Each structure stands twice: as structure tokens, then as C-alpha cells.
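Undergrad: Sharing a structure with you now.
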Amino acid sequence: MASDQVTTAAPRNGAFLWPDAPAPEQYEVCVHCGFCLEVCPTYQEWRDENHSPRGRVFLIQAAAEGRLSLDAAVVDPVFTCLDCRACESVCPSGVPVGHLIEAARGQVYHADPPRGWRGALARLFLRGLFPHPRRLGVVRALLRLWQRFGLQCLAQRLGLLRLLPPHLRALAVALPEVTARPARLSLPERLPAAGPRKGRVALFTGCVMDVLFTPVHEATVRVAQRHGLEVVVPRDQVCCGALQVHAGDRPQAQALARRNITVFAESGVDYIAVNAAGCGAMLKEYPELFRGDPAWHARAQAFAQRVRDIAELLAEVGTEPPRGRVPQRATYHDACHLCHAQGVRVQPRQLLRSVPGLELVEMPDAERCCGSAGVYNLTHPEMAQTLLTRKLDDLPPGVEMVITGNPGCILQLRAGLAQRGQRIAVRHTVEVLDAAYQQEEEQA
Amino acid sequence: MSGTAQVLDARLLQALLQTLGPRRVLHQPAHLHAYACDGYVAQQGLPRAVVFPETTEEVAAVVSLLNQYDVPFLPRGAGTGLSGGATPLHGEVVISLARMNKLLAVDLENLRAVVQPGLVNLWLTKRVAHAGCYYAPDPSSQSVCTLGGNLAENAGGSHCLKYGVTTNHVLAAKVVLPNGEVVDLGATYGDAVGYDLLGLLVGSEGTLGIATEITVRLLKKPEAVQTALALFDRVADASDTVSAILRAGIVPAAIEMMDQLAMQAVDKSHYHVGYPPDAEAVLLIEVDGLAGGVEEQMRRVVELCRQHAARSVQVAQCEEERALWWSSRKMAFGATGRISPDYIVQDGVIPRTRLTEVLQYIADLSRNSGLRIANVFHAGDGNLHPLICYDARIPGQAELAAAVGSQILRACVDAGGSITGEHGVGVEKRAEMTYQFCDADLAAQEAVRLVFNPRNLCNPGKLFPTPGRCSEVRQSAWLAAQFAAVSAGFPEQTRILAPDRQGRQDGVY
Ligand SMILES: Cc1cc2nc3c(=O)[nH]c(=O)nc-3n(C[C@H](O)[C@H](O)[C@H](O)COP(=O)(O)OP(=O)(O)OC[C@H]3O[C@@H](n4cnc5c(N)ncnc54)[C@H](O)[C@@H]3O)c2cc1C
Ligand code: SF4
Ligand code: SF4
């Protein structure tokens, strides 16, 4: 072993100079076995070790230990990662690849804050828009104007949409119809349980989710109430911070987390219910944002323990099978942040299997990312498109509906299906369930 | 990691870019670090470049170019090798076969498949499963390692006890020789006429050429399979059970053993079985074949386990249970990360009958060196995988672990076995080659290499000890000192384990 070829313990004054850096105890557990390679969507496509989980962790460790500087060698692979966590599901050694990637992005954010028009755009959305419910309200109003007064059709007819790059064009067309008010304001602050109360739950409404998917919130509340849950909708809650964490803007995410932790602590509930997998994973991982801050870390932990995905929560409190029918052939797509980040796989399927008439067929590799991945479809359209195509190719023949548990996936899949001209509906798990209960009530 | 990459000749780079296009050549230093090592991380180096050919012709073109410029190179599959076979220590150009991952042809009638070398082992099985077929050799890394890497390492696996290792399943191969020439070796049906050159290539660790198309044998899935999990209070009872089963004329598809520390590691991972904390050993025994026979064989296996003081024997009741048991075994190496920051996995082979004594020796070595050692192994064919746990941050521990590993390998040779069962020699076990072979043996093997690889450009520095290099000498001197230090703790064992070079041995450990 010539000395220049041996890796030995290196000083810890590496390329990560800012607080909240990737934690040694997280990257050091990687044993370089490679079990994670074949589940990683970017490795599957490029087959380049740089863009594999093992490669990314290796490069992060090299930077942390001062063997690499924080340049393209580390930055590119860290940003091509989808943060889909498929690697974590197989890793026998328990490497939290997602946290490492997010913390590394935090360092990049400090070292090289996004500049130019991209930077401006990122700041506009991540700092200027998502964290501010009122500004989101303005966006909602504009979107509604666009949709309701036929501007969307007009723009389509005039070919204005062609000004957008193709992937954005598809997304613009696939946007669901925006309702007048967000669930955070349109729903009463307190909704009683139907029948004997099994618990109190606070609904997490989110930012984009509550602009585009207000009906999913309404469905969530109805199904929860029906199963003995009293629902509260805290008015002062804010965006979960996931998009900021993905972009490396940890200070902003920490500010949002503190606000949410405080607001939900005041609500005194048993559970915090989330119907967006990305937000749910983020909320459960709040402690990760406060590694260096024991007081907030403890509060974050207490908060995280109460967070449940809606499917998880329903399975926990028990549901009665609906009697209304949803006679469709459907398939279930595992949202990455539900199956890999939260380990929720069985519960949604169980709930869906209880719906009369619904024929649930499995698609191959249901757990593979659809390419949505937060804002990845905006930042890396080429890879996102490839993954979307693979996902759509995998849909079993004859399905009329794809069901999933994350708004990002719903948009992405709808955009893809619209592009292909395929008439397949995309629904949230809880919407399907709600539809069955609604039907039951109509029959009664 | 060596600091700077060897410089790539600008004209060579141009030529490579012209041959493969810009997206299939990595040459900027920033993009090379991830290729510094394979699954064996103790030694690392930077390649000059990494290239991603997609056809035999492209591999041949690249190899010819590299010959022209006198630049060393090495093939790489998934980089899961555990002996550093795909590690560029001399600035080699890494020829990644990961993009050559097509299933080229399947003949289900004749049970043959032709694959590109970058196809992942398990994918082949998945692609033919619909017809009730599978590819038998199943290294624990089968979900990621490539068939090319399997060929080069003559990979084994849990089920190789009954079905044989890679060499028994590779029938023919298209090979780019180290000078860029393309040859076909072996025969799809029957025996290749003349010398068995394919047999030579299998297990040559990338030093004799690059396989670019491989014809393999497929098998029909056995009609029935049953799997038992037997827990033992004492390792000795488990070893005796293994011998008893084989002596009884039963050839199980697999017999795998794990010791307590390995059980603890996997139980901390996603692949949690819930092993009791006080069982010394667990055996995973699988029998397969015709339904009636399997039933009967399993009955006898269970009986034999009981006769040998098994604390409990369970037969898997459903496919999920069986799959979990197997995952827990197959993920054991990786799960070692749960109990130790670093580890070396060794790969010695011993006659099965000496299992108990060698395990005792390993336990003593562990106690004396202060390093924990977990054991996971293919018990049926005496292939040990001691996992030596250490912490690289503690100065001297990496070297101590290497010394302990080396000591274990020597014990295997002394017991009448070998320094590698399936992971290969690579760079890791070069020094131990001199323990297993005398100079004349090694010279004969080198002569074979020179026939294929006369300029030594193809994966240089692997497989053979290179005593000429001063770092190597320093290393062996250093290791010798470490042995002395480790062995001083238990002179009794050392005496017995250091037989004369004729390999004679007397006494028990
Ligand atoms: C967790 C874990 C468990 C493992 N379990 C087992 C096991 O049970 N049994 C077992 O046998 N091994 C096992 N291994 C070792 C390893 O997986 C095998 O050696 C495997 O065959 C390597 O395949 P690869 O594609 O990763 O090859 P690489 O590591 O990329 O390369 C291995 C060697 O093959 C050469 N090579 C690669 N492709 C070609 C080609 N096309 N032509 C010529 N030479 C080539 C390389 O130069 C190198 O010398 C395990 C490894 C890990 C990490
Ligand atoms: S991240 Fe996990 S699976 Fe991947 S190489 Fe590291 S230890 Fe192995
Ligand atoms: S999170 Fe997803 S994209 Fe990122 S390394 Fe893991 S598997 Fe690959």
C-alpha cells in the first residue's frame, strides 16, 4: 500500500465550511457495497457512478474530508439527484442519502448562491412566494382568471403557450382547476368527528397543494371526519419548506419549520395529517433541520412524531369499507416520498382494495420515480421527461385511472398523459376513497 | 486517493471523443473521483479517463487506441468487486461496460442466453422468469453486479453448492484481447474443440481480455423449493450439522451460516429477522427439486438439525418469509456498516470438516487483536467470509485489520484450502499469493498472462505480487511486523498455523 493510495482518517476541515454540513456519522456508514446502484433512476439512465447514490455519498465524503473542493465534481452529482430516496429503501447500512444530499446542497447554497435569472427566479419562488400565504392567494386569483375566463383556451389557440419550453407547456395545460379559496380559509377552523371521537387531527394544507388541490383537502377532511376524527385547520400554518431544502436554502426552511412547529403545538392535536407525500416526509424530517440546536431539535421531534400521511392515519384508526362503487381499472403509483421516505406502501393499497368495483392492478416498478421530484422537472427537464416516459410506458394495459399520494406526481403524470393524448385519470388515494363514500351516501 | 490524475494525451483524448462522442468519455479530473475504487476501498487511485462503449467494436476500437498510445486500461462492471480488481492504481483508463447491458438473444427451447457483459445478474433472471427459467449463479450482490464482472471473478453464490459457479454456466464469449483483437471462445453447445481457453478467461480478473458478449446457460426453475432456518447455541453444532447433511447424501441447493455478530448487523438493517441474541450460529438450508423429493429431503434435514442440538428449526411457510431470510443473508456484508464504521471482508476457503477449528482460530484472533470479526459464509462448500470490523479513524486500525485478514487467509491455506473462494485476488490478496504458490507456480501463471497480455496494459498490477516495487516491499515488511505483534498474543496457535512449506500440519488448533 503506497501511502498516496491509502485513504486514512483525514482532518475534518474540508470543503464544507458552513454550519449544518453533511454529518460524518451519516456518510461514514456507507460501506461502498453498491447495492443502491440499480434502484437509482439517474444511474439507471446514465450508468455513471458519479450519478449514483454510492458515488454521491463518496464525493460528499471526499469533499467533507478535504480531498475535493466544492466544485463541479461534487455540485453536479448532488444536484442531479432526484432526492427520491429509492437508495435508502435498499441500503443495508442505513445511509440517509437524502439528508446528505440536502445538507450538501445547503453548503453549495452558501458557497455559491444561485445567481442570474435562475437565482432570481429561485429566490422569487422559494423566499418570495411559497412561504407567504397571502401572496399565494394572489397567484391563485391570477390562475383562476386564466382558467375561468377562457384565457387558457385563448392562449392555447393563439399559440402563446408555445413560448414556453415543451415540458412547461404540458404542465400548464395539466393544471387542475383552481377553486376560489384555499382550504386553509374555506374550511371551518374546527370540524367535528362523525360519531364517537377517536382523536383530533390537524390538517396540514401546504403551499402549492392548497392552491392547486383544494378539493383533495376537502376529501381528506370528509374521510377523516367519517372515521371519528375531529379535524382542525390551523390558520397560521405555512409551507413545509421541502422545496427550500431541496434547493439548499436551509435557513428559510428552518424559519418555516419553526413557525409550523409552534402553530401545530398550539393546536393540541393527536395527529397532524398530510396528504402530500413530499410535505409529509419533510415534516417528519424536521428534526434533521435542527441537528445543531438541541432545544428546537427536541420540539421538532415531538412534532414529527405526530405527523401521519392520510393513508397511514386511516389505517391506524381503522376504516370501514365503503359501500359505494368506483368501477374502474386502476393502478397505484408509489410516490417516492411516501414509499421510500415514509415507508408507506401497504396502507394506500389496503384502502384502495376496500373500494368495491375498483380493480387494482400493479404496475412494474411502481416505486420508481415519475420524474416530478419537487421542482426537478423544472430544473432537469430532460431526465424528468425520460423518467416520465418510462413511468407511462409501464402503466398496465387498459387502466382508466392512476392513483397516487402526492400532488407533484399527479401534475407530472397528468402532463405526461395529456402530451400523449391518453385519456387516463390521475387521482389522489383519498379522492378515490371519498368518491366511494360519497356514492354510498347518494345511494342511501 | 492519489492527488492528481495521470495526464491524458490530448491526441488520444481527441481520438476517444471521436470514437464515442462527448457524452461517453469522462476526462475532466472532477468527473473521475467516483471511479477511484470498487467495493474494496482500502486502496484508491484516479483513472486517466472513464469511457462508456456500447458495442464490441467500440471496445475494440478503444483498446486499439490505448495500445497505440501505450496507455494502461481496465474493464469495470458495476464495481462491486471486493478485491480491488477494478481499481485504477496506475492511472488506467477505465472501460466501463455498464452501458453494454442488453440481453441480446434468448433461446428458451435450448436454455441459452446471449448477453452483453454489463447486464446485471438478477436482470437476466427477471427477463426470463416468465418462462420459468433463471440464471443459477447468485452472488449476494446479484441485484447489482454484472455478468461480465461475474465471469472475470468466476463468481459464486449461495446456490453454487448444488449448481456450480460461474464457470459452469458460461458457455462462450466474445472477447476483446488486450491488443484490440476480437476472438470467440467456447461453444454454445458441447465442448469447444481444442484447449479450454474460455476456462482460462473465466476468473482471470480482467487481466486476459474484456468479455463483450457472453453466452450463458439458463436453468428451469425447480418444481419445488423449501427453506429452513436453524438456530444453534454453539457454532460447533452448526458445523457438524452441515457435515452430517452432506454425509447423508443430501445435496441441498444452499447451506449458509451466519454467526451472532452478523445476525446483530442484519437485524439492525431493513432486513430484520429477529434472531435471538444468544444463538451462536444460524444455518439457512434450502433444498429444491421435484416436489415429492423436496418434501422428504427437508424432513431429513430438519431431523439432522435436531439431532445436532439445534435450538430451533423453522421451515419457511410462505414466499415472503423465505425472501426475508434470504435478504437477511444476502445483505449481511452491507449491513455490517450498522455495527462498524469500516470492515474488510475476507474470502478464504477451507475443507468443510475443519470449519469448527478455523472458526475457533478466527475467534482467538479477534480476541487478541481487539477487532470484532463477524462470520458469514457458504458453509456447504467451506467458503468463509470473515468480516473484520475496524475504524479507519483510529490510526493503525486499518493496517491491523489488513494484517488480521492476511493471517486468516494463511490459516485457510494451512488448513488445506485457498485464499479466495469467489472474490478474487485483485490488489487485495496479491501478497498472499506468495503464501499459496511457490515462485515456480507464479512464474508459470505470469507466463500465461504474457501470452494474452504481453505489454501488460490490460489491468496491470492485479493478481500477481509485484515484489519489485518498493512500496510493496515496505508493505510486506510492515505486515510482517504486524503479524508478529498479533501472533505474539497466542504463540500456541501460531506454531501450529505456521507449518513447513510442504503444507504438512499436525495437531489441532
Ligand atoms: C455486498 C457484496 C456481496 C458480494 N457477494 C458475493 C458473492 O456471494 N459471491 C461472489 O462471488 N462475489 C460476491 N461479491 C463480489 C462481487 O460482487 C463479484 O466479484 C462480482 O462478480 C463483481 O461484478 P462487478 O460487475 O461488480 O465487477 P467489477 O467489480 O466492476 O469488476 C470485477 C473484476 O472484473 C473485471 N471485469 C469486469 N467486467 C469485465 C469484463 N466484461 N471482461 C473482463 N473483465 C471484467 C474487472 O476488471 C475487475 O477485475 C460481493 C460483493 C459485494 C459488495
Ligand atoms: S449507500 Fe448504502 S447501499 Fe449504497 S454503497 Fe453505501 S452502504 Fe451500500
Ligand atoms: S435519492 Fe434517488 S436519485 Fe438520489 S441517489 Fe438516491 S436513488 Fe439516486
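Here the protein sequences come in this chain order: E and X. Here the first sequence is numbered in the working numbering, starting from 1 and rising by one per residue. Here the second sequence is numbered in the working numbering, starting from 445 and rising by one per residue. Positions of the beta carbon are idealized from the N, C-alpha and C atoms, including for glycine. These numbers come from a predicted model, not from an experiment.
Specify the secondary structure class of residue 536 of chain X as computed by DSSP and reduced to three states.
TA: Residue state, collapsed to three classes: coil.
Undergrad: Decide if the stretch 517 to 524 of chain X is in contact with the stretch 809 to 821 of chain X; the criterion is three or more beta carbon pairs, one per stretch, under 8 angstroms apart.
TA: Touching, no, given that fewer than three Cβ pairs across the two stretches are closer than 8 angstroms.
Undergrad: Do three or more CB pairs link the stretch 227 to 247 of chain E to the stretch 296 to 305 of chain E at distances below 8 angstroms?
TA: Touching, no.
Undergrad: So for residue 556 of chain X, helix, strand or coil by DSSP?
TA: It is a strand residue.
Undergrad: Please decide whether residue 5 of chain E counts as near chain X, where near means a Cβ-Cβ distance under 8 angstroms.
TA: A caution first: residue 5 of chain E carries a pLDDT of 37, below 50, which makes its placement in the model unreliable, though a value can still be read off. Answer yes: the Cβ-Cβ gap between residue 5 of chain E and chain X drops below 8 angstroms somewhere.
Undergrad: Give every residue whose Cβ lies closer than 7 angstroms to any heavy atom of ligand 2, listed in chain order.
TA: Going along the chain, the residues that qualify are E/29, E/30, E/31, E/32, E/33, E/34, E/35, E/36, E/53, E/54, E/57, E/87, E/90, E/91, E/92, E/93, E/95, E/97, X/778 and X/781.
Undergrad: Using three-state DSSP, classify residue 858 of chain X as helix, strand or coil.
TA: Three-state result, residue 858 of chain X: helix.
Undergrad: Could you confirm whether any beta carbon from chain E is found closer than 8 angstroms to the beta carbon of residue 695 of chain X?
TA: Cβ-Cβ to chain E under 8 angstroms: no for residue 695 of chain X.
Undergrad: Just checking residue 594 of chain X against ligand 4 - is the residue's beta carbon closer than 7 angstroms to any of the ligand's heavy atoms?
TA: What this structure holds is ligand 1, ligand 2 and ligand 3, not ligand 4.
Undergrad: Residue 446 of chain X to residue 32 of chain E, Cα distance in whole Å?
TA: Here the model assigns residue 446 of chain X a pLDDT of 43, short of 50, so the residue's position is not dependable and the matter cannot be decided.
Undergrad: Tell me which same chain residues have a C-beta within less than 6 angstroms of the C-beta of residue 785 of chain X, skipping the five on either side of it?
TA: Closer than 6 angstroms at the Cβ level, and outside the excluded window around residue 785 of chain X, lie 835.
Undergrad: Taking the alpha carbon of residue 323 of chain E as the point to measure from, which residue in E/85, E/62 and E/440 has its own alpha carbon closest?
TA: Ranking the options by Cα distance to residue 323 of chain E, first place goes to E/440.
Undergrad: Count the other C-beta atoms from every protein chain shown that fall within 10 angstroms of the C-beta of residue 693 of chain X, then say buried if there are 16 or more, exposed otherwise.
TA: Its Cβ having fewer than 16 others within 10 Å, residue 693 of chain X is exposed.
Undergrad: If we ignore side chains and look at the alpha-carbon of each, how far apart do residue 742 of chain X and residue 487 of chain X end up?
TA: Distance between the alpha carbons of residue 742 of chain X and residue 487 of chain X is about 45 angstroms.
Undergrad: Give me the residue from X/532, X/591 and X/633 with the minimum Cα distance to residue 555 of chain X.
TA: Residue X/633 is the option with its Cα nearest to residue 555 of chain X.
Undergrad: By the 8 angstroms beta-carbon criterion, what residues does the stretch 17 to 31 of chain E contribute toward chain X?
TA: Those would be 28, 29, 30 and 31, in chain order.
Undergrad: So what does DSSP say about residue 606 of chain X, is it helix, strand or coil?
TA: Three-state result, residue 606 of chain X: helix.
Undergrad: Does residue 71 of chain E come within less than 8 angstroms of chain X when only Cβ atoms are used?
TA: Chain X, which has a Cβ nearer than 8 angstroms to the Cβ of residue 71 of chain E, makes this yes.
Undergrad: Rounded to a whole number of angstroms, what is the C-alpha to C-alpha distance between residue 511 of chain X and residue 505 of chain X?
TA: Cα to Cα, the separation comes out at about 10 angstroms.
Undergrad: Once DSSP output is grouped into helix, strand and coil, what is the label at residue 849 of chain X?
TA: DSSP places residue 849 of chain X in helix when its eight states are reduced to three.
Undergrad: Kindly indicate which residue of X/733, X/702, X/849 and X/729 has the alpha-carbon position closest to the one of residue 690 of chain X.
TA: Minimum Cα distance to residue 690 of chain X is reached at X/729.
Undergrad: Contact check, residue 338 of chain E vs residue 349 of chain E under 8 angstroms by CB: the rounded distance?
TA: In fact, because the Cβ distance is near 11 angstroms, the residues do not count as touching under 8 angstroms.
Undergrad: Spatial neighbours of residue 271 of chain E within its chain, please: C-beta separation below 7 angstroms, excluding the five flanking residues on both sides.
TA: Once the five neighbours on either side are set aside, the close Cβ partners of residue 271 of chain E are 199, 201, 306, 308 and 313.
Undergrad: Verify the CB distance criterion: does residue 338 of chain E have a CB-CB separation below 8 angstroms to chain X?
TA: No, no contact with chain X.
Undergrad: Can you round the beta-carbon distance between residue 790 of chain X and residue 830 of chain X to whole angstroms, since I take them to be within the 8 angstroms contact cut?
TA: Yes, residue 790 of chain X and residue 830 of chain X are in contact; Cβ-Cβ is about 5 angstroms, under 8 angstroms.
Undergrad: Quick one: what's residue 184 of chain E bridged to in DSSP?
TA: According to DSSP, residue 184 of chain E bridges with nothing at all.
Undergrad: Starting from the Cα of residue 197 of chain E, find the closest Cα among E/226, E/188 and E/204 and give me that residue.
TA: For residue 197 of chain E, the nearest C-alpha among the options comes from E/226.
Undergrad: Just to confirm my understanding: we take residue 920 of chain X, look at its own chain, exclude 5 residues before and 5 after, and list those with CB closer than 7 angstroms. What are they?
TA: The predicted model places residue 920 of chain X with a pLDDT of 46, which falls under 50 and marks its position as unreliable, so this point remains unresolved.
Undergrad: Counting Cβ pairs, one atom from each stretch, are 3 or more of them under 8 angstroms apart for the stretch 624 to 642 of chain X and the stretch 700 to 717 of chain X?
TA: Result no; under three Cβ-Cβ pairs closer than 8 angstroms.
Undergrad: Check whether the stretch 457 to 470 of chain X touches the stretch 490 to 505 of chain X, counting contact only when three or more Cβ pairs, one atom from each stretch, lie closer than 8 angstroms.
TA: Yes, the stretch 457 to 470 of chain X touches the stretch 490 to 505 of chain X.
Undergrad: For residue 432 of chain E, does the three-state DSSP call read helix, strand or coil?
TA: It is helical.
Undergrad: Hey, how far is the Cα of residue 141 of chain E from the Cα of residue 212 of chain E?
TA: About 11 angstroms.
Undergrad: Would residue 435 of chain E count as contacting chain A if we go by Cβ distances under 8 angstroms?
TA: Among the chains of the structure shown, chain A does not appear; the protein chains present are E and X.
Undergrad: Quick one, which of X/610, X/717 and X/737 has its alpha-carbon nearest residue 764 of chain X's?
TA: The candidate whose alpha carbon is nearest that of residue 764 of chain X is X/717.
Undergrad: Assuming residue 805 of chain X is part of the alpha helix (DSSP H), what are its boundary residues?
TA: Residues 799 to 813.
Undergrad: Taking the alpha-carbon of residue 293 of chain E as reference, which of E/137, E/237 and E/251 has the nearest alpha-carbon?
TA: Of E/137, E/237 and E/251, the residue nearest in Cα terms is E/251.
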